[in-house]
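Chains R, B, X and F supply the protein sequences, listed in that same order.
Just so we're aligned, residue 0 is where the first sequence starts under numbering that gives the first Met the number 0, counting upward by one.
Just so we're aligned, residue 0 is where the second sequence starts under numbering that gives the first Met the number 0, counting upward by one.
Just so we're aligned, residue 0 is where the third sequence starts under numbering that gives the first Met the number 0, counting upward by one.
Just so we're aligned, residue 0 is where the fourth sequence starts under numbering that gives the first Met the number 0, counting upward by one.
Taking it in order: structure first as structure tokens, then the write-up.
4 protein chains.
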Amino acid sequence: MLTLVCEDRVGIVAAVSRFLADRGGFITDSQQYADRESGRFFMRVAFEATDSRMDGGTEWLRTEFTPTGDRFAMDWRLTDIGERPRILIAVSKGSHCLADLLHRWQTGTLAVDIMGVVSNHPDMRRITEWHGIPYHELPPNGDKAAQEAALLDIFDRTRSDYLVLARYMQVLSEELAGKLIGRCINIHHSFLPGFKGARPYHRAHERGVKLIGATAHFVTADLDEGPIIEQAVERIDHRATAEDMVRIGRDIETQVLARAVRWIADRRVLLNGCKTVIFR
Amino acid sequence: MLTLVCEDRVGIVAAVSRFLADRGGFITDSQQYADRESGRFFMRVAFEATDSRMDGGTEWLRTEFTPTGDRFAMDWRLTDIGERPRILIAVSKGSHCLADLLHRWQTGTLAVDIMGVVSNHPDMRRITEWHGIPYHELPPNGDKAAQEAALLDIFDRTRSDYLVLARYMQVLSEELAGKLIGRCINIHHSFLPGFKGARPYHRAHERGVKLIGATAHFVTADLDEGPIIEQAVERIDHRATAEDMVRIGRDIETQVLARAVRWIADRRVLLNGCKTVIFR
Amino acid sequence: MLTLVCEDRVGIVAAVSRFLADRGGFITDSQQYADRESGRFFMRVAFEATDSRMDGGTEWLRTEFTPTGDRFAMDWRLTDIGERPRILIAVSKGSHCLADLLHRWQTGTLAVDIMGVVSNHPDMRRITEWHGIPYHELPPNGDKAAQEAALLDIFDRTRSDYLVLARYMQVLSEELAGKLIGRCINIHHSFLPGFKGARPYHRAHERGVKLIGATAHFVTADLDEGPIIEQAVERIDHRATAEDMVRIGRDIETQVLARAVRWIADRRVLLNGCKTVIFR
Amino acid sequence: MLTLVCEDRVGIVAAVSRFLADRGGFITDSQQYADRESGRFFMRVAFEATDSRMDGGTEWLRTEFTPTGDRFAMDWRLTDIGERPRILIAVSKGSHCLADLLHRWQTGTLAVDIMGVVSNHPDMRRITEWHGIPYHELPPNGDKAAQEAALLDIFDRTRSDYLVLARYMQVLSEELAGKLIGRCINIHHSFLPGFKGARPYHRAHERGVKLIGATAHFVTADLDEGPIIEQAVERIDHRATAEDMVRIGRDIETQVLARAVRWIADRRVLLNGCKTVIFR
Numbered sequence: 000m001l002t003l004v005c006e007d008r009v010g011i012v013a014a015v016s017r018f019l020a021d022r023g024g025f026i027t028d029s030q031q032y033a034d035r036e037s038g039r040f041f042m043r044v045a046f047e048a049t050d051s052r053m054d055g056g057t058e059w060l061r062t063e064f065t066p067t068g069d070r071f072a073m074d075w076r077l078t079d080i081g082e083r084p085r086i087l088i089a090v091s092k093g094s095h096c097l098a099d100l101l102h103r104w105q106t107g108t109l110a111v112d113i114m115g116v117v118s119n120h121p122d123m124r125r126i127t128e129w130h131g132i133p134y135h136e137l138p139p140n141g142d143k144a145a146q147e148a149a150l151l152d153i154f155d156r157t158r159s160d161y162l163v164l165a166r167y168m169q170v171l172s173e174e175l176a177g178k179l180i181g182r183c184i185n186i187h188h189s190f191l192p193g194f195k196g197a198r199p200y201h202r203a204h205e206r207g208v209k210l211i212g213a214t215a216h217f218v219t220a221d222l223d224e225g226p227i228i229e230q231a232v233e234r235i236d237h238r239a240t241a242e243d244m245v246r247i248g249r250d251i252e253t254q255v256l257a258r259a260v261r262w263i264a265d266r267r268v269l270l271n272g273c274k275t276v277i278f279r
Numbered sequence: 000m001l002t003l004v005c006e007d008r009v010g011i012v013a014a015v016s017r018f019l020a021d022r023g024g025f026i027t028d029s030q031q032y033a034d035r036e037s038g039r040f041f042m043r044v045a046f047e048a049t050d051s052r053m054d055g056g057t058e059w060l061r062t063e064f065t066p067t068g069d070r071f072a073m074d075w076r077l078t079d080i081g082e083r084p085r086i087l088i089a090v091s092k093g094s095h096c097l098a099d100l101l102h103r104w105q106t107g108t109l110a111v112d113i114m115g116v117v118s119n120h121p122d123m124r125r126i127t128e129w130h131g132i133p134y135h136e137l138p139p140n141g142d143k144a145a146q147e148a149a150l151l152d153i154f155d156r157t158r159s160d161y162l163v164l165a166r167y168m169q170v171l172s173e174e175l176a177g178k179l180i181g182r183c184i185n186i187h188h189s190f191l192p193g194f195k196g197a198r199p200y201h202r203a204h205e206r207g208v209k210l211i212g213a214t215a216h217f218v219t220a221d222l223d224e225g226p227i228i229e230q231a232v233e234r235i236d237h238r239a240t241a242e243d244m245v246r247i248g249r250d251i252e253t254q255v256l257a258r259a260v261r262w263i264a265d266r267r268v269l270l271n272g273c274k275t276v277i278f279r
Numbered sequence: 000m001l002t003l004v005c006e007d008r009v010g011i012v013a014a015v016s017r018f019l020a021d022r023g024g025f026i027t028d029s030q031q032y033a034d035r036e037s038g039r040f041f042m043r044v045a046f047e048a049t050d051s052r053m054d055g056g057t058e059w060l061r062t063e064f065t066p067t068g069d070r071f072a073m074d075w076r077l078t079d080i081g082e083r084p085r086i087l088i089a090v091s092k093g094s095h096c097l098a099d100l101l102h103r104w105q106t107g108t109l110a111v112d113i114m115g116v117v118s119n120h121p122d123m124r125r126i127t128e129w130h131g132i133p134y135h136e137l138p139p140n141g142d143k144a145a146q147e148a149a150l151l152d153i154f155d156r157t158r159s160d161y162l163v164l165a166r167y168m169q170v171l172s173e174e175l176a177g178k179l180i181g182r183c184i185n186i187h188h189s190f191l192p193g194f195k196g197a198r199p200y201h202r203a204h205e206r207g208v209k210l211i212g213a214t215a216h217f218v219t220a221d222l223d224e225g226p227i228i229e230q231a232v233e234r235i236d237h238r239a240t241a242e243d244m245v246r247i248g249r250d251i252e253t254q255v256l257a258r259a260v261r262w263i264a265d266r267r268v269l270l271n272g273c274k275t276v277i278f279r
Numbered sequence: 000m001l002t003l004v005c006e007d008r009v010g011i012v013a014a015v016s017r018f019l020a021d022r023g024g025f026i027t028d029s030q031q032y033a034d035r036e037s038g039r040f041f042m043r044v045a046f047e048a049t050d051s052r053m054d055g056g057t058e059w060l061r062t063e064f065t066p067t068g069d070r071f072a073m074d075w076r077l078t079d080i081g082e083r084p085r086i087l088i089a090v091s092k093g094s095h096c097l098a099d100l101l102h103r104w105q106t107g108t109l110a111v112d113i114m115g116v117v118s119n120h121p122d123m124r125r126i127t128e129w130h131g132i133p134y135h136e137l138p139p140n141g142d143k144a145a146q147e148a149a150l151l152d153i154f155d156r157t158r159s160d161y162l163v164l165a166r167y168m169q170v171l172s173e174e175l176a177g178k179l180i181g182r183c184i185n186i187h188h189s190f191l192p193g194f195k196g197a198r199p200y201h202r203a204h205e206r207g208v209k210l211i212g213a214t215a216h217f218v219t220a221d222l223d224e225g226p227i228i229e230q231a232v233e234r235i236d237h238r239a240t241a242e243d244m245v246r247i248g249r250d251i252e253t254q255v256l257a258r259a260v261r262w263i264a265d266r267r268v269l270l271n272g273c274k275t276v277i278f279r
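Given below as structure tokens:
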């Protein structure tokens with residue numbers, strides 16, 4: 000699997016496809032997107048070896064591709080399809096997203112390696128350890144810098160690729176968000192119109208919205224404002240209480256986060272400034 | 000058809016249903032909603048006469064119901080099912096909502112009387128008059144007060160019940176919005192997150208939203224913030240240009256406004272403070 | 000909470016609401032539906048005691064209501080809101096619906112009592128028992144009558160109200176289906192157009208459908224054809240493999256079955272011949 | 000714009016992208032799909048000239064591409080983006096799809112040329128001619144062969160590319176369907192489960208479905224069974240009458256057919272046996 004981003008110009012697809020064809024690479028899926036506004040070109044190519052020309056393996060192929068990547072000044076990545084991203088999950092007390100991710104992982108429908116679960120509460124220890132996953136409790140003892148340092152240490156020690164905030168109710172510091180840029184995913188509620196701040200479901204309820212939704216996005220220093228990966232909504236009516244809205248919202252959050260993590264695992268998500276390109 | 004709003008207490012449904020049963024009224028549809036927070040009770044009852052006891056007609060029935068209405072301090076309305084609301088449509092240059100409303104009206108699938116179309120532009124005259132509807136051009140000649148006075152005069156002269164802003168790109172003055180409170184419906188785009196101000200589709204495009212939608216709502220002095228009647232969304236991906244988003248948004252706006260007007264026509268929409276109760 | 004079905008005629012709502020008002024019953028939610036075709040009337044009333052007149056409790060209220068019920072030949076049911084339906088779950092090897100129901104039950108978002116899980120396979124024992132629920136393995140040893148007798152015995156012994164087939168891949172005999180009429184719920188895939196028989200996702204894939212869905216329904220002797228409780232769909236495109244379709248279908252099945260069981264728990268589902276009335 | 004279908008093998012993308020790069024063709028959008036089951040490869044490439052090397056025009060480019068097309072035994076098509084497909088619309092009495100297509104065409108949001116409207120009824124003449132489109136009435140006078148011959152004659156004389164059945168309630172003969180294979184699009188209702196034959200909405204109503212939908216598909220001799228282009232559904236509940244279902248179904252049919260025609264116009268639809276590949 001090859002993903003790449005570079006400045007758009009004539010000949011990129013020709014160069015990449017010729018590179019693969021010359022080595023017996025059979026393209027099983029290829030998607031491109033050229034953003035006319037930013038002038039950036041995005042490509043995702045899945046391919047298979049058809050003969051012995053690719054026996055050198057992924058490392059050999061990376062060396063072979065380097066001149067092509069350099070020629071077009073590509074930001075490229077060549078991975079074996081069997082390589083699963085290593086994810087660390089952060090959670091507070093809400094179990095819906097965590098339980099869903101663990102169940103999908105356990106039943107083999109989510110191709111990631113879960114390296115651990117970190118939490119500022121003890122509540123999710125039991126379900127996490129039942130799945131055989133290490134649980135790291137990082138209580139909020141007033142020293143946020145220390146808590147974040149511990150989190151980052153676990154992230155680094157486990158060589159995690161992504162931090163998934165599965166209803167983690169702590170705002171990351173600007174510093175930590177900066178270190179994890181493009182590698183930290185969050186899920187939050189979404190409404191029409193939007194509601195920032197505390198108790199959003201209750202405020203959406205007061206406003207009488209007819210749709211409630213959720214957004215999965217990359218985390219940036221600006222809370223709830225990073226590049227959007229996926230969104231979905233559900234219809235409600237005037238009889239929905241704030242509690243109903245919380246419950247329905249939980250189901251949407253669960254589905255939307257699971258989809259975002261799956262697409263990350265499949266390397267379908269590429270960053271495009273403050274937007275994403277999703278090759279579905 | 001009877002709709003009513005009053006303070007919630009024991010015995011309302013009993014009183015209303017006894018009133019109808021005593022006069023041979025057969026309930027064909029009845030919906031209630033008690034808002035626990037505001038303590039208000041909402042009810043919509045559709046009924047038919049089963050014998051001659053109701054031969055007195057709607058006017059007679061209103062007189063009969065008055066004591067019951069007074070006893071519970073109800074805000075009530077009793078109408079004949081054949082009474083169609085009279086609507087005045089305001090439009091600027093965008094034809095999608097207007098053409099759709101006219102087509103539904105012409106084919107008999109929208110039970111309203113269209114009293115006329117007002118516009119600040121000449122563009123929609125041809126299609127309006129082809130449908131046999133009077134077209135009133137109110138050019139924006141700098142005197143907004145005069146323009147609004149003319150609009151209100153047409154509204155009053157045609158004895159219209161509702162003003163439907165079908166992509167009318169003029170902001171109503173606080174004064175006019177106040178006069179038409181609960182009688183003026185608007186349609187506008189909606190996004191997650193929301194975007195206020197100019198060129199919203201372009202800004203949503205810059206932000207990379209994955210869903211675009213539309214909201215039909217009652218107009219209040221606070222632009223785009225009145226009680227919501229209906230909302231819907233459509234999914235897009237990174238390839239959608241701002242122009243695609245405008246086009247998809249138009250289709251959603253058309254559908255959402257048509258639904259809102261239909262529900263108004265069926266007396267399914269009751270105001271509940273800054274929210275609505277929709278008896279679907 | 001009172002639910003009732005009877006022949007439609009003048010005065011039912013008046014009688015029920017008067018009955019409640021006379022005993023200080025405050026209606027918190029009431030929904031009715033009159034089916035013009037069958038002439039049947041359906042009602043669901045949730046109410047609270049406002050004073051000591053209802054201190055006699057549910058049993059006393061049932062005695063009080065009996066004359067009214069008799070007068071209109073009602074099929075009625077009066078339950079305390081705290082009474083949770085007792086459900087028995089049947090499952091084969093697919094864990095998605097079972098894991099979801101257990102998680103919702105454990106986190107208190109599904110107001111049922113799970114009396115046990117029966118299965119024709121051992122696979123789901125571990126997750127079931129981890130939740131503290133008894134697991135009954137009923138291996139298919141060639142004697143289907145004995146297997147069904149054992150299942151019915153567990154259903155009766157646990158005094159279960161409903162049997163929920165959460166991907167139970169055994170067809171119930173006509174006899175068992177008949178005994179559980181209106182008390183057994185199934186979930187199955189749904190497509191446009193429909194596909195009966197084996198490997199439906201693969202056949203839908205061959206046909207190139209653009210939507211896949213799921214239906215929760217009451218079980219009747221005619222497999223997959225009982226009264227529909229809930230349906231939902233998800234959009235796919237030509238790139239979806241049969242395996243993708245199975246996976247997406249699993250998510251929809253999970254959501255749809257959870258909704259159906261919730262509505263059953265809230266007594267929102269009434270049977271209307273081969274259809275359902277769902278008071279949402 | 001180049002679309003092509005051929006047997007999948009190594010080097011196709013490389014050959015096509017090299018062909019374009021060598022002539023200064025800048026790829027603005029490119030999508031591929033390899034069907035593992037059929038072994039067919041599908042591609043759609045939109046490109047622009049960056050310099051004078053493409054001044055020879057579309058005809059010249061076709062000649063240039065022929066050797067490449069021959070080498071891979073491609074079924075290919077190279078068109079100028081400004082070439083609009085010529086469509087002939089067939090309609091009976093239901094105006095919803097026709098009015099919508101005419102309005103989109105008139106407002107420039109549907110990039111097709113409408114060559115005429117044929118009908119077995121006089122009803123749609125007025126709206127068609129108001130849009131300046133010729134109306135051909137082909138009354139069903141008992142001689143179906145003559146009627147179809149007249150239809151085909153209009154199709155040929157107007158050099159139409161596609162026949163769009165916009166609620167045309169005449170079944171095409173096997174012979175006519177065969178002549179128009181891949182060039183005739185139909186819209187019809189869709190339900191879960193499906194209902195064939197007369198009065199489908201009424202039968203779906205009797206069955207108590209919770210979703211109703213529509214399918215746009217290519218016409219084959221087997222009625223309502225050709226390759227599916229697009230599908231959509233809408234949610235209903237038990238209160239929906241058969242008439243409501245017809246009305247809601249009309250809205251979905253309108254939207255789904257408009258999308259299918261737009262994708263045809265954009266050359267986004269390729270046939271893959273009894274399925275379609277839709278490059279959205």
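Glycine included, each C-beta is placed from N, C-alpha and C at the ideal position.
| Query | Result |
| --- | --- |
| Simplified DSSP state of His204/F, which is helix, strand or coil | helix |
| Met114/X in three-state terms, based on DSSP | strand |
| Any chain X beta carbon closer than 8 Å to Gly301/B | Any answer about residue 301/B is impossible in this case: the structure gives chain B only from 0 up to 279. |
| Reduced DSSP secondary structure (H/G/I, E/B, other) of Leu179/X | coil |
| Contact list for the region 234-250 of chain X against chain F, Cβ threshold 7 Å | Asp236, His237, Arg238 |
| Where Trp129/R meets chain X, residues with beta-carbon distance less than 7 Å | Trp129 |
| Closest by C-alpha distance to Lys209/B, when choosing among Ile80/R, Glu205/R, His216/R | His216/R |
| Contact set for Ala241/B: own chain, Cβ-Cβ below 6 Å, skip 5 residues either direction | Tyr200, His201, His204 |
| Closest Cα partner of Asp79/X within the set Leu137/X, Asp54/X, Arg198/X | Asp54/X |
| Arg246/F to Met168/F span [Cα, whole Å] | 17 Å |
| Val12/X beta carbon less than 8 Å from that of Gln31/X | yes |
| Cβ neighbours of Cys96/B in the same chain (closer than 7 Å, five flanking residues each side left out) | Ala165, Arg166, Ile186, Glu252, Thr253, Leu256 |
| Contact list for Thr106/R against chain D, beta-carbon separation under 7 Å | Of the protein chains in the structure, R, B, X and F, none is chain D. |
| Contact between the region 125-132 of chain B and the region 140-153 of chain B (3+ Cβ pairs under 8 Å) | no |
| Whether Gly212/X touches Phe190/X by CB criterion (8 Å) | yes |
| Contact check, Trp262/R vs Ile228/R, beta carbons under 8 Å | yes |
| Span separating the alpha-carbon of Asp74/R from that of Arg238/X | 27 Å |
| DSSP bridge partner residues for Phe18/X (one or two, in chain order) | Answer is none; Phe18/X lacks a bridge partner. |
| C-alpha gap between Glu47/F and Phe64/F, whole angstroms | 15 Å |
| Through-space distance from Asp236/B to Gly177/R, alpha-carbon basis | 26 Å |
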